[in-house]
Ligand SMILES: Cc1ncc(COP(=O)(O)O)c(C=O)c1O
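Set out below in structure tokens:
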């Protein structure tokens, strides 16, 4: 173990052993085993800095944002709007007002599908998705096309887990009004070529919306360089609190969208028969928002920026390469690309015909937390002829020694089932 620790301390430019000290939950044990948490694609753990920022908001500054002019009200508003500015900087957005706060990507994609889709789509129009989308970038569109008469189309996948772009010309046409695509698949790990896809969509006059739930935690991002029109992100997968996150949108696109929630603070004036709305982003933030959570998200971003997003990505690539090598050597069937430079650290696999749920159960007994199931990506499961996969997913605090622990536990699981 000491030898392993010595070789795994620095992974891809991160001093992993040192930063693990920032995450109190990583000292937990499972029975007599140290916790090996390999489920960060579902949700990440939170460093003290984030936990403290959220608690400090409640302890010292708690009030509703954009309401009271008393001291605490001003402080809460400043903290909330400061968080918006931090998110805008992190995403490379031109100004804080291009960031709408939401409770995460599910809410963001529903806002796009309903707020944009119901206003702009009609019969004969098409919405283009891909077969690697999470259900939160499929189901909202199914609801919208049912209401508008538009049609859904899907980009298929190659056997290697990439987008099959060979038929892009017939799928992306002047009938396509919006192309909504993941930046990184949570089921396959695949990173999609966003700039290339945005250019292709814009060439036919379509907008591009991105589900960046898995991309923003793991990779430097610049929404202006990518030239995407809308991009949903989530805080809880990038060291931030649950119910934090948002939607970036180009100013004219946000202005052309309707709010999802009518109510307090999103209005300009209310009359008996109609209301006028505030400009974006405020018209989309009806009711009391998750204020402390967005403040916690800003602390998470500060933490990630201090690590350096290039280092975060380098660590991800290195540990994913190590995990792929070890899994393939051990005889696992891995779904998704095998080249770590074009994928993230969510690694889906089958191990020697042991059902994923059995694997996850046995691994838990060894302290290793992986996920088993369809990962809210049933189109991916259907494409590859399985009902579920086991999935190990990595983040900044994971070491190659933890990958070794998983492989040992997998071998024990196989011994039990054979
Ligand atoms: C690719 C992808 N999209 C969307 C979501 C949903 O995100 P949220 O939990 O922020 O609603 C997830 C969460 O697992 C995801 O992995």
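Numbering (my numbering), first residue to last: 131 to 548.
Cβ atoms here follow ideal geometry from the backbone N, Cα and C, with glycine treated the same way.
- On the three-state DSSP scale, how would you describe residue 334? Residue 334 falls in the coil class under three-state DSSP.
- Message: For a test of your reading of the model: does the CB of residue 297 fall under 6 Å from any non-hydrogen atom of ligand 1? Yes or no.
- Response: no
- Counting only runs of 4+ residues fully inside the stretch 206-284, write out the alpha helix (DSSP H) ranges in chain order. 235-240, 247-250 and 269-278
- State the DSSP-derived secondary structure class of residue 419, mapped to helix, strand or coil. coil
- Endpoints, alpha helix (DSSP H) assigned at residue 377: Here residue 377 belongs to no alpha helix (DSSP H); instead the beta strand (DSSP E) covers 375-379.
- Task: Alpha carbon to alpha carbon, how far is residue 150 from residue 238? Give it in angstroms, no decimals.
- Result: 31 Å
- Message: If you follow the beta strand (DSSP E) that residue 481 is in, where does it begin and where does it stop?
- Response: 476-481
- Can you give the beta carbon distance from residue 142 to residue 366, rounded, assuming they're within the 8 Å contact cut? That belief does not hold up - the Cβ atoms of residue 142 and residue 366 are roughly 23 Å apart, past 8 Å.
- Message: In the DSSP output, what is residue 547 paired with across the bridge?
- Response: Bridge partners of residue 547: none, in fact.
- Note down, one range per segment and in chain order, each beta strand (DSSP E) of at least 3 residues found wholly within the stretch 361-416. Counting only runs of 3 or more, we get 375-379, 397-400 and 405-407.
- Item | Cα-Cα separation between residue 157 and residue 165, rounded to whole angstroms | For residue 157 and residue 165, the distance between alpha carbons rounds to 7 Å.
- Task: For residue 154, count neighbouring C-beta atoms within 10 Å of its own C-beta (all shown protein chains included) and say buried if the count is 16 or more, exposed if not.
- Result: By the 10 Å Cβ count, residue 154 comes out exposed.
- Query: Would you call residue 199 buried or exposed, if buried means 16 or more other Cβ atoms sit within 10 Å of its Cβ?
  - Reply: exposed
- Query: Around the C-beta of residue 216, are 16 or more other C-beta atoms found within 10 angstroms, so that it is buried, or is it exposed?
  - Reply: buried
- Task: Go through its chain and collect everything with a Cβ distance to residue 221's Cβ below 8 Å, but skip five positions before and after it.
- Result: So the list reads 229, 346, 351, 352, 353, 361, 363 and 378, once near-sequence residues are dropped.
- Item | Secondary structure of residue 429, DSSP reduced to three states | In the displayed model, residue 429 falls within a helix according to three-state DSSP.
- Task: Use the C-beta contact count for residue 477: other C-beta atoms within 10 angstroms, 16 or more gives buried, fewer gives exposed.
- Result: buried
- residue 325 versus 224, 313, 523 and 278, residue with shortest Cα-Cα distance: The candidate whose alpha carbon is nearest that of residue 325 is 313.
- Item | Host beta strand (DSSP E) of residue 308 (start-end) | 306-312
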